[in-house]
Structure formats: C-alpha cells, structure tokens
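K.L.:
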RNA sequence: GGCGCCAUAGCCAAGUGGUUAAGGCAGGGGUCUGCAAAACCUCCAUCCCCGGUUCGACUCCGGGUGGCGCCUCCA
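Numbering (this note's numbering), first residue to last: 29 to 508.
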C-alpha cells in the first residue's frame with residue numbers, strides 16, 4: 029500500500045512518487061501579513077503540518093517551505109490606515125502568526141522566506157520571463173502574456189473565453205494590458221509606496237511572482253508538493269504555474285494539494301456575514317488542541333462546518349485522550365512492561381492505511397479512538413499480569429506515536445487536563461472555589477453517612493454542570 | 001452564464017462493486033458504585049430521487065432535486 033495523494037491538476041488521487049526517492053520538497057503558500065489569522069488559516073496550516081509530519085514519519089527527508097508575503101496592496105493600505113511603517117505592521121503579524129501556530133502545535137517550516145528579503149531574486153525571475161518572451165513592459169509595469177502559455181488555465185480547469193466574459197462585466201476600462209487576463213509581474217510604485225530599484229524603474233513585485241521565485245530558490249525548478257487553500261487555485265496558483273514555466277521551461281509542481289474551507293453555520297466565513305472567527309477568538313474559549321482535533325475530524329479537502337457543539341465535542345475527546353494517557357502512565361509506572369512489537373506494527377499498518385489514502389485524518393482518528401477504548405479496557409482488567417501490562421504498554425505507545433504524527437497527545441498531560449477544565453469552568457461562569465466548597469460539604473455529609481444531604485449537594489453540582497467522581501484517591505470533580 | 005465539490009443513522013463523520021457500511025456525540029440496556037460519575041460491555045443506518053451498466057451498486061455512468069464553493073482580495 030503506497031501513499032496516494034489527490035492532485036488538483038489531475039483531479040484524482042495519484043500514487044505519490046517524489047522527484048527524488050526518499051526526499052520530499054514541499055511549498056505551502058503562507059499568509060499575507062496584514063491582520064491576525066482566522067480559523068481558515070488554522071485549518072490550512074494544521075492540515076499541511078500533519079502532511080509534513082506524516083511524510084517524515086513515513087521516512088521521507090522533507091524540506092518544507094512556507095513563505096510570508098510581506099508586501100502587497102492590502103499591507104500598504106493597512107499600514108497607511110494605522111499610520112505605521114509597513115515593516116512594523118508585517119513584523120507584528122508575523123509574530124502573531126507564530127504565536128497562533130505555536131499554540132496549535134503547528135511546527136515551523138524548515139524555511140520561512142519573506143518576500144522583501146528576495147527582491148533581487150524576484151527581479152531576476154521577471155527578467156527571465158521577459159527574456160523568454162512571456163512578459164512585456166508597459167511604462168514601469170511588467171505583465172505576463174498569458175497568450176504565450178498554451179497550458180494557461182489547465183490547473184484550474186477554466187476556459188479563457190468564459191473568464192474574459194466574466195471579467196468584462198467588471199470595470200476595467202483603461203488598461204495597458206495586451207489581454208484582459210494578463211497579470212502584473214512587477215508594479216511601478218506610486219509615491220509613498222515601498223519601492224525597489226529594477227530595470228523597469230522603482231517598483232514592487234506583483235502578487236504570485238514571489239511564490240514562483242522563492243519556491244524555485246529553495247526547492248529547485250521542479251518540486252513535489254505545492255499546497256494552499258482551494259481559493260488559491262485561481263488565480264494565484266494558476267499564475268504561479270504560468271510564471272514558473274515561463275522562467276524555467278518546466279512544469280514546476282508534481283502534486284497540487286488544496287485544503288477545503290471552514291464554514292460557519294453552513295456558509296463561508298466572511299467578515300461581512302459576522303460569522304468570522306480569528307484563532308485568538310477561539311483560543312480565548314477553548315484549549316488549542318481542541319481546535320486542532322476538531323480540524324482533523326474532517327478530511328482536509330472537504331468543507332468543515334465550525335460549530336460550538338463541534339468544538340466542544342472535540343474538547344471532550346481531547347480530555348478523554350489525555351485522561352486515558354494519564355491512567356496508562358500511572359499504571360505503567362508500577363510495572364515493567366514493553367510494547368509488543370507485532371501488535372504495535374499492526375496498529376501502525378492500520379494508521380498507515382488511513383493516512384496513505386490522501387492523508388485521511390478522520391479515518392486515523394477513528395483508529396485512535398479504538399485504541400484509546402482498548403487501552404481503557406485493558407486498564408480495567410484486574411491485577412498487574414504480564415499480559416495486561418504488555419497490552420497497556422502497546423496501546424499507550426501506539427496512541428502516543430499516532431498522536432505525534434497528528435500533533436495530538438504530546439503536551440504535558442496534567443497541565444492540559446487542568447487547562448481544559450479551566451476553560452470549561454470559565455465558559456459556564458463557574459467558580460472553582462465554590463465547587464471545591466460544595467464537594468467538601470458533600471464529603472462531610474458522606475462521612476456522617478447522611479446520604480440524603482450528600483446527594484442533595486451532588487444534585488446541586490450536577491445542575492451546575494459539575495460531576496463529582498469518587499475514586500480510591502479521593503473525590504474529584506469535573507465540569508462536563 | 002462557466003467550472004467544481006458535496007448529499008451515509010437524531011447530530012458529526014470515514015468507507016466499500018458482492019462477506020459484519022469505521023469512529024465520535026446523543027439515546028436505550030448493563031458492569032461497577034452507599035447513590036452517582038468516570039471507565040468498560042451492549043443495542044441503535046442499507047447509504048437523496050429516477051434511470052442505466054453489471055450476475056450483483058450505497059459504491060461506476062446519465063439525469064433530477066437539494067446544499068456549497070470558485071470565476072474579484074481570500075487558507
């Protein structure tokens with residue numbers, strides 16, 4: 029069973045064969061840094077984080093590049109709005125991006141290039157495209173001549189005539205472009221805008237060219253995986269493909285991977301619809317691993333509907349996994365047990381089968397749920413026999429190993445459980461001191477064998493959403 | 001108008017040309033418990049509609065209906 033990857037360019041799952049055996053070069057379009065990230069960004073970068081982790085786990089030597097676009101119209105507009113320098117704005121949102129991604133357990137890419145650090149490279153690429161007869165200069169602008177590229181629109185599967193018809197409905201009266209669909213490789217800068225010297229005068233890169241340039245710089249003219257959100261298929265990736273081909277004469281990407289959208293209430297998330305959530309909005313209310321888990325419950329290419337109940341359920345699952353892992357840790361601390369290699373390998377095979385099918389995290393999570401249940405089942409067996417110990421050790425190791433690939437179950441267990449509870453206490457508007465007091469009250473009644481009074485307190489806690497649990501180690505409580 | 005995606009139990013969500021259609025949540029029944037809870041056991045679907053291909057389709061093809069996305073900045 030080999031890895032199969034859905035390729036947007038071919039519109040079906042293809043067997044994955046990297047350019048160089050054992051080596052994967054992948055590029056994912058990063059953020060344009062003019063605002064904080066929303067949960068759609070979270071989805072994209074969690075998805076490709078898992079892909080990257082899985083490829084490494086599978087034995088590939090991975091080079092992962094994810095850029096920062098730190099110069100563009102929106103950035104300039106936002107900086108002007110705020111009256112601050114562009115670099116102050118972009119530095120700030122790069123830091124915010126890292127903060128959010130670190131919280132979600134998204135690993136840093138191997139290389140995270142910034143556009144403004146690569147202007148000379150970009151100028152070179154534009155020059156090469158023009159020299160090769162695929163670009164033209166108009167004033168201080170440079171445009172890509174789409175009619176020079178026969179395969180234009182092959183990636184997105186569109187027809188030029190339809191595109192032109194659609195575009196003509198929008199206002200674009202005065203243009204120097206030779207064809208309405210031609211796009212800018214280099215833009216002459218207006219006064220006050222960031223500008224760099226170029227053979228065409230002071231200007232800045234067009235959108236798209238930075239990814240063509242930086243991907244080839246770090247990964248070569250041809251590389252394996254290029255990822256991003258589905259919205260980037262057109263125009264961004266279509267244009268990148270045209271540029272890279274024009275510069276190198278080669279088809280630059282072997283597998284195009286695009287993640288689906290996050291919807292809210294069944295509709296696309298948009299600021300205008302007031303259904304817009306930033307990552308920070310969500311992390312104020314939920315443990316970050318809850319969001320990560322939630323995002324992995326649906327296959328990365330399908331739309332996912334963000335709901336309160338969905339993320340609450342995810343958080344409960346995160347708690348369950350950590351509680352299970354804690355219980356296993358406690359047990360394994362008392363015995364000397366090693367995982368059973370055969371059984372561990374069969375669990376790996378099941379995990380591999382799920383993930384090899386276009387990185388099916390939803391199926392993988394199903395398997396993980398089976399393992400966690402089996403682990404609890406094993407823990408419930410009496411005694412400390414070798415059979416039980418081996419089983420617990422095996423399942424525990426399997427859960428942690430799969431978790432490592434999915435980016436789950438890797439945090440400090442006690443701290444994570446406590447944090448999940450703290451979020452729930454806050455969401456329900458409870459006070460843990462009050463709860464502690466009631467639990468003590470109940471235990472005093474129990475000690476006096478006044479079960480009627482004890483149960484009354486218990487019911488009161490239940491109404492608050494607090495469940496008491498009497499264990500051999502004493503009474504615990506948990507917000508459900 | 002063009003292109004594309006989706007439609008699986010009360011809800012979320014995998015999956016397969018023919019053996020028992022994952023998993024989770026909720027719900028029913030148990031074990032355990034002073035009572036509970038947690039945990040575990042157990043029960044709970046024939047896959048939107050109509051045609052076609054096939055020995056056989058939920059899975060393939062065509063049509064329909066419904067939902068969504070892209071075609072403009074967008075993960």
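Glycine included, C-beta positions come from ideal geometry on N, C-alpha and C.
In this structure, does DSSP put residue 431 in helix, strand or coil?
P.N.:
Along the first chain, one-based indexing puts residue 431 at 403. If DSSP states are grouped into helix, strand and coil, residue 431 belongs with the helices.
K.L.:
Please classify residue 365 as buried or exposed, where buried requires at least 16 neighbouring CB atoms within 10 angstroms.
P.N.:
As a position in the first chain, residue 365 is number 337, starting the count at 1. By the neighbour-count rule (16 or more Cβ atoms within 10 Å), residue 365 is buried.
K.L.:
Output yes or no for whether 9 Å exceeds the beta carbon distance between residue 447 and residue 375.
P.N.:
Position 419 of the first chain holds residue 447. Position 347 of the first chain holds residue 375. For residue 447 and residue 375, no; Cβs fall outside 9 Å.
K.L.:
Measuring CA to CA, which of 278, 80 and 95 is closest to residue 88?
P.N.:
Position 60 of the first chain, counted from the start, is the residue given in the question as residue 88. Of the candidates 278, 80 and 95, the one whose C-alpha sits nearest the C-alpha of residue 88 is 80.
K.L.:
With a CB to CB cut of under 6 Å and the five nearest residues on each side skipped, what residues in its chain are close to residue 391?
P.N.:
As a first step, residue 391 must be located in the first chain, where it is residue number 363. Closer than 6 Å at Cβ, skipping near neighbours: 382.
K.L.:
Hey, out of 281, 496 and 371, whose CA is closest to residue 37's CA?
P.N.:
Here residue 37 refers to the residue found at position 9 when the first chain is read from its first residue. Residue 37 has its Cα closest to that of 281, out of 281, 496 and 371.
K.L.:
State the Cα-Cα distance for the pair residue 499 and residue 250, rounded to the nearest angstrom.
P.N.:
Your numbering for residue 499 matches position 471 in the first chain. Your numbering for residue 250 matches position 222 in the first chain. Approximately 60 Å, taken between the alpha carbons.
K.L.:
Quick one: what's got a C-beta closer than 7 Å to residue 290's C-beta in the same chain, skipping five residues either side?
P.N.:
In the first chain, residue 290 corresponds to position 262, counting from 1. Close CB contacts of residue 290 within its chain, under the 7 Å cut and outside five residues either way in sequence, are with 67, 68, 71, 297, 332 and 334 (chain order).
K.L.:
Apply the 10 Å Cβ neighbour rule to residue 409 and answer buried if 16 or more other Cβ atoms are within range, or exposed otherwise.
P.N.:
Within the first chain, residue 409 is the residue found at index 381, counting from 1. Result: exposed.
K.L.:
Measuring only the C-alpha atoms, how far is residue 42 from residue 253?
P.N.:
If you number the first chain from 1, residue 42 lands on position 14. If you number the first chain from 1, residue 253 lands on position 225. The straight-line gap from Cα to Cα measures roughly 12 Å.
K.L.:
If you draw a straight line from the alpha carbon of residue 430 to that of residue 397, how long is it in whole angstroms?
P.N.:
To locate residue 430, count along the first chain from 1; it is residue 402. To locate residue 397, count along the first chain from 1; it is residue 369. So the alpha carbons of these two residues sit roughly 11 Å apart.
K.L.:
Does the region 307 to 321 come close enough to the region 449 to 463 that 3 or more CB-CB pairs lie under 8 Å?
P.N.:
yes
K.L.:
Kindly indicate which residue of 437, 507 and 470 has the alpha-carbon position closest to the one of residue 450.
P.N.:
If you number the first chain from 1, residue 450 lands on position 422. Here the closest residue by C-alpha is 507.
K.L.:
By how many angstroms is the C-alpha of residue 302 removed from the C-alpha of residue 488?
P.N.:
Translated into positions along the first chain, residue 488 becomes position 460. Translated into positions along the first chain, residue 302 becomes position 274. Straight-line Cα distance between these residues: approximately 37 Å.
K.L.:
List, from N- to C-terminal side, the alpha helix (DSSP H) runs of 4 residues or more that fit wholly inside the region 221 to 306.
P.N.:
You should have 237 to 247 and 266 to 276.
K.L.:
Which of the three DSSP states is assigned to residue 387 in this structure?
P.N.:
Stepping through the first chain from its first residue, residue 387 is reached at position 359. Three-state result, residue 387: coil.
K.L.:
Out of curiosity, what's the CA-to-CA distance linking residue 138 and residue 285?
P.N.:
Here residue 138 refers to the residue found at position 110 when the first chain is read from its first residue. Here residue 285 refers to the residue found at position 257 when the first chain is read from its first residue. Whole-angstrom Cα-Cα distance: 19 Å.
K.L.:
What's the C-alpha gap between residue 268 and residue 116?
P.N.:
The residue given as residue 268 occupies position 240 in the first chain. The residue given as residue 116 occupies position 88 in the first chain. Computed Cα separation, rounded: 28 Å.
K.L.:
Does the region 204 to 213 come close enough to the region 155 to 174 to have 3 or more Cβ pairs within less than 8 Å?
P.N.:
yes
K.L.:
State yes or no: is the C-beta of residue 276 nearer than 8 Å to some heavy atom of the ligand SAM?
P.N.:
This structure does not include the ligand SAM; it has no bound ligands of any sort.
K.L.:
Buried or exposed for residue 47, going by 16 or more other Cβ atoms inside 10 Å?
P.N.:
Here residue 47 corresponds to residue number 19 of the first chain, with the count starting at 1. When all chains shown are included, residue 47 counts as exposed.
K.L.:
Around the Cβ of residue 417, are there at least 16 other Cβ atoms within 10 angstroms (buried) or fewer (exposed)?
P.N.:
In the first chain, the residue the question calls residue 417 occupies position 389. Residue 417 should be labelled buried.
K.L.:
Just the C-alpha distance for residue 142 and residue 94, rounded to the nearest angstrom, thanks.
P.N.:
The residue labelled residue 142 in the question sits at position 114 within the first chain. The residue labelled residue 94 in the question sits at position 66 within the first chain. Cα to Cα, residue 142 sits roughly 9 Å from residue 94.
K.L.:
Kindly give me the distance between the Cβ atoms of residue 372 and residue 426, rounded to whole angstroms, as I take these residues to be in contact under 8 Å.
P.N.:
For the purposes of this step, residue 372 is taken as residue 344 along the first chain, with counting starting at 1. For the purposes of this step, residue 426 is taken as residue 398 along the first chain, with counting starting at 1. 6 Å between Cβ atoms; contact.
K.L.:
Shortest alpha-carbon distance to residue 351 belongs to which of 304, 414, 272 and 440?
P.N.:
The residue given as residue 351 occupies position 323 in the first chain. The shortest Cα separation from residue 351 among 304, 414, 272 and 440 belongs to 440.
K.L.:
Please work out which residues of its chain come closer than 7 Å, Cβ to Cβ, to residue 473, disregarding the five sequence neighbours upstream and downstream, and give them in chain order.
P.N.:
Stepping through the first chain from its first residue, residue 473 is reached at position 445. Taken in chain order, the residues that qualify are 481, 482 and 485.
K.L.:
Taking the alpha carbon of residue 57 as the point to measure from, which residue in 261, 275 and 220 has its own alpha carbon closest?
P.N.:
Translated into positions along the first chain, residue 57 becomes position 29. With distances taken between Cα atoms, residue 57 lies closest to 261.
K.L.:
According to the neighbour-count rule (16 or more other Cβ atoms, all chains shown, within 10 Å of its Cβ), is residue 401 buried or exposed?
P.N.:
As a first step, residue 401 must be located in the first chain, where it is residue number 373. Result: exposed.
K.L.:
Can you grab the Cα-Cα spacing for the pair residue 105 / residue 354, in whole Å?
P.N.:
In the first chain, residue 105 corresponds to position 77, counting from 1. In the first chain, residue 354 corresponds to position 326, counting from 1. Residue 105 and residue 354: Cα-Cα distance of roughly 50 Å.
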